[in-house]
Structures are given as C-alpha cells and as structure tokens.
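Residue numbers (mature numbering (1 follows the signal peptide of the UniProt record, and there is no 0)): -25 to -1, 1 to 183.
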C-alpha cells in the first residue's frame, strides 16, 4: 500500500515537474519571440538608415551644390527662348529643359537642407563657375540675350550643347563617387536625357 502511495506521489511529482517544464518552455519561447520582435524593432531604424537623408558623402554634396547653379543657368537660358527663338523645335527643347530641371533644383535644394548644408544663393549665380563644367560666361549670356531669330536658335543650341556636356560629366562623377542613391539615380536621368538632347541639337544644327 505504501509502495502504491509512494508511486502515486512520484507520478504526481513527475507530472508537476513536466507541467512546470512545459510552462517554462512556453514562457521562454514567448520571451525569445518577444526578444526577437523587440530586437527587430530596435534594428529597424538602422536597417532603413541607408535610405535616410543622412546617408550621403562629400561627392553627393558637391554634386548638388554644383548642379543647382548649373541647372539655374540652363533654366535662365531656356526662359529666353519663347520671345527670341524662331524654331518651334528650339522653343519645345527649351520648354522641356525647364520642365525637367526646375523640379530637380527643388529636389537637390531639399537634400542640402536635410543634410545641414547651405543651398547656393540664387542671387550669386556662382560667377566662379562660369566657364567651368560647361557654364556660360557673363559675356556669353549677354550675347544670347541680345540675339533673336535664327541667330538665337544657333547660339542657344551651341551653348546648351556645351552646357549639357558639362552636366553629363558632373553626373558621371556623382555616379562614380556618390553614396546617396536618390542623387545617383538623378545623375543617371541627367545623363540619359541630356545626352539625348545633345544628339537632337546636333541634328538641328546639322553637325551630327
């Protein structure tokens, strides 16, 4: 009788131990899952960090700071076309250039602001850049403003080809050296669109 009672006690103890083990396992499992979830939550911000505005380098800053005044000058040139150009193709080209580059100026200005960098001032059309990267000199801009008709069309396209070539080179540098994916993507779009426009202008000039 005592052996039966002892056996029953041992069986109950084993069952209790098993139940306790299961409870601990469940708790541990829940804890692991919770830790895993919490760990995932904790690492999510860093996982998304590459897409954050801070993930950039000096080449990205140089690209934005250089391309903003470059684009502004192209838009300034394009603004002259409606009242001076003779060719419908040149007027359309100027319209397309402005339509593409105005939003890019705003986008790049936003990047610089988010990076804590200064956006190039509009009033200072960075005269130090004139003649570099395809930028027009003050004299060339005056020449363009003073021309009209066929003379304007020719001058506009010759200058814009030079201007576009400078932008394409700047964009290639960004693709090679930059780290910020949106900037590298914009650089690719600039290379594609402006190379196509260079080809178009060369055809209109009869120099292709």
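All C-beta atoms, glycine included, are put in the ideal place defined by N, C-alpha and C.
Just so you know, these numbers come straight off a predicted model, no measurement behind them.
Once you ignore the five residues that flank residue i on each side, which residues in its own chain have a CB closer than 7 Å to its CB?
{"i": "residue 77", "result": "50"}
{"i": "residue 79", "result": "46, 161"}
{"i": "residue 120", "result": "55"}
What residue range does the alpha helix (DSSP H) around residue i cover?
{"i": "residue 144", "result": "124 to 152"}
{"i": "residue 54", "result": "33 to 59"}
In three-state DSSP terms, what is residue i?
{"i": "residue 96", "result": "coil"}
{"i": "residue 110", "result": "coil"}
{"i": "residue 71", "result": "helix"}
{"i": "residue 77", "result": "helix"}
{"i": "residue 62", "result": "coil"}
{"i": "residue 90", "result": "coil"}
{"i": "residue 21", "result": "Low confidence applies here, because residue 21 scores a pLDDT of 36, under 50, leaving its location unreliable; read the following figure in that light. In this structure, residue 21 counts as helix in the three-state DSSP scheme."}
Drop a sphere of 10 angstroms on the beta-carbon of residue i, count the other beta-carbons inside from all chains shown, and report buried for 16 or more, exposed for fewer.
{"i": "residue 128", "result": "buried"}
{"i": "residue 63", "result": "exposed"}
{"i": "residue 57", "result": "exposed"}
{"i": "residue 144", "result": "exposed"}
{"i": "residue 108", "result": "buried"}
{"i": "residue 91", "result": "exposed"}
{"i": "residue 146", "result": "buried"}
Below 8 Å CB to CB, which residues in the same chain sit around residue i once its five sequence neighbours on both sides are set aside?
{"i": "residue 150", "result": "159, 162, 163, 166"}
{"i": "residue 168", "result": "75"}
Among the options, which has the Cα closest to the Cα of residue i?
{"i": "residue 263", "options": "157, 152, 130", "result": "The structure shown does not extend to residue 263, since the chain spans only -25 to 183, so no value can be given for it."}
{"i": "residue 124", "options": "61, 32, 54", "result": "61"}
{"i": "residue 173", "options": "147, 154, 152, 133", "result": "133"}
{"i": "residue 94", "options": "171, 147, 108, 36", "result": "36"}
{"i": "residue 115", "options": "33, 137, 170", "result": "137"}
{"i": "residue 59", "options": "146, 141, 118", "result": "118"}
{"i": "residue 81", "options": "126, 42, 176", "result": "42"}
For residue i, which residues from the same chain have a beta carbon less than 6 Å from its beta carbon, with the 5 sequence-adjacent residues on both sides left out?
{"i": "residue 86", "result": "39"}
{"i": "residue 72", "result": "49, 53"}
{"i": "residue 155", "result": "31, 35"}
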